[in-house]
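Quick notes on the structure that follows.
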Amino acid sequence: MRPQRLQHPSPGGSLARLLLLLALPGAAQGSFEVSVSPEAAMVEHGGSVWINCSTTCQNPAANGSLETSLTKADSKRGPGWAAFLLVAITEWVSAPQCYFTCDGDTKVAAANISSYRVPERVVLEPLPEMELGRAYNLTCWVLNVAPVTHLTVTLRQGGRTLHMETFQNHTGIGPNDIPVTHEITPRRWDHGQEITCHAALDLMPHGPHFENSSSVVELQEAESLTAKIIAISAIATISATLLSILAWGLAQRDRSRRKARPEPGEATSSQANFEMAQASTEDAPEEGGSLNPAEDTSP
């Protein structure tokens with residue numbers, strides 16, 4: 005029996021067999037991709053968003069869908085893509101998954117959806133009248149805001165920034181009431197200055213940018229004890245001076261009245277003049293009479 009000779013496959017034959025395998029159905033499994041748009045979205049709490057799923061699979065029979073706990077209200081499809089409308093989104097964080105099956109192989113791509121809530125109010129606590137050199141706390145509250153990790157709070161005095169705080173390390177999910185406190189020590193020239201609190205919720209590039217501000221709080225300097233004593237002393241001095249002037253005026257008026265009133269037993273000048281005139285009338289002779297009584301005696 006003649007020994008058979010082993011034959012090695014030629015390079016050309018190997019390439020032909022590889023091309024044949026690639027042409028068989030299912031040979032291209034794993035060569036397609038699945039993507040989702042938007043990959044990340046910021047949606048107002050209770051709002052809605054369209055999620056688009058797409059694939060590079062060339063098989064027209066490729067089937068795609070969206071797996072999620074959120075409510076799907078509508079959908080649209082086309083070759084290599086499918087879009088889904090998610091509504092009434094109340095979950096603060098969710099991850100819908102797009103998937104496509106191509107020639108028996110399934111691939112998945114996930115989206116990240118977060119709900120946000122604009123700050124309900126920004127409140128700056130009122131301040132008492134402040135003593136110079138004493139420390140006081142400025143406290144600002146940002147109420148019912150989410151997500152806190154995107155929040156920036158700034159305290160300002162006029163156009164000057166006193167304090168800024170961010171919350172990237174905040175671990176809570178959902179809305180929170182966030183306090184921000186900053187210590188100030190008032191100086192004399194701070195009297196009348198306006199303090200405000202500003203809250204910024206920056207959701208870009210996956211959402212909008214919001215800003216809200218508190219009402220103005222005015223710094224008021226309390227009067228020092230020395231200033232109060234000086235003020236009280238000044239008021240007391242002015243009051244005493246006014247009382248002295250009033251008493252002097254009353255005394256002068258009484259003195260004038262006493263001078264105008266006659267003493268007991270004394271007649272006033274008008275009364276004396278009247279009495280003198282009356283006496284002169286009585287002493288005057290009758291018409292045709294004589295001043296000499298002897299001449300009036302009858303013969």
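As numbered in this note's numbering, residues 5 to 303 make up the sequence shown, in order.
Don't be surprised by glycine CBs; every beta carbon is placed ideally from N, CA and C.
DSSP state of residue i mapped onto helix, strand, coil
i      : result
Thr137 : It should be noted that the sequence gives Gly, not Thr, for residue 137. Here Gly137 sits in coil by DSSP.
Trp96  : coil
Arg164 : strand
Ile239 : helix
Leu131 : coil
Arg121 : strand
His210 : coil
Ala27  : Below a pLDDT of 50, predicted positions are generally treated as unreliable, and Ala27, at 45, falls in that range; no measurement from the model is reported.
Gly50  : coil
Gln256 : helix
Val220 : coil
Ile249 : helix
Arg191 : coil
His154 : helix
Ala244 : helix
C-beta atoms of residue i and residue j nearer than 8 Å
i      : j      : result
Cys61  : Phe36  : yes
Leu155 : Leu166 : no
Val184 : Glu198 : no
Tyr103 : Gly68  : yes
Glu225 : His202 : no
Pro190 : Leu223 : yes
Gly84  : Ala66  : yes
Asn216 : Val157 : no
Asn63  : Asp107 : yes
Buried/exposed call for residue i, threshold 16 Cβ in 10 Å
i      : result
Trp182 : It should be noted that the sequence gives Ile, not Trp, for residue 182. Looking at its Cβ environment, which holds 16 or more other Cβ atoms inside 10 Å, Ile182 is buried.
Ala86  : buried
Ser218 : buried
Trp193 : exposed
Ala115 : buried
Ser98  : buried
Ile55  : buried
Own chain, CB closer than 6 Å to residue i, minus 5 neighbours either side, in chain order
i      : result
Phe214 : Val122, Leu205
Asn141 : Thr185, Glu187
Leu128 : Cys144, Cys201, Ser218, Val221
His174 : Val152, Thr153
Ile236 : none
Glu71  : Gln101
Ile239 : none
Ser79  : Phe88
Cβ neighbours of residue i in the same chain (closer than 7 Å, five flanking residues each side left out)
i      : result
Thr75  : Leu90, Val91, Ala92
Leu51  : Note that residue 51 corresponds to Gly in the displayed sequence, not to Leu. So the list reads Ile93, once near-sequence residues are dropped.
Ala77  : Leu89, Val91
Thr105 : Ala66, Asn67
Cut-off 8 Å between Cβ atoms - residues of its own chain near residue i, not counting five sequence neighbours on either side
i      : result
Trp96  : His49, Ser118, Ser119, Ala150, Pro151, Ile177, Gly178
Ser39  : Cys57, Ser58, Thr59, Cys102, Ala113
Arg81  : Gly68, Ala87
Leu131 : Tyr140, Leu142, Ile199, Val221, Leu223, Gln224
Residue i Cβ short of 7 Å to the ligand ADP heavy atom set
i     : result
Glu43 : Although the ligand ADP was asked about, the structure shown includes no ligands whatsoever.
> Do three or more CB pairs link the stretch 205-216 to the stretch 41-52 at distances below 8 Å?
Replying inline: As far as the Cβ criterion goes, the stretch 205-216 touches the stretch 41-52, which means the pair count is three or higher.
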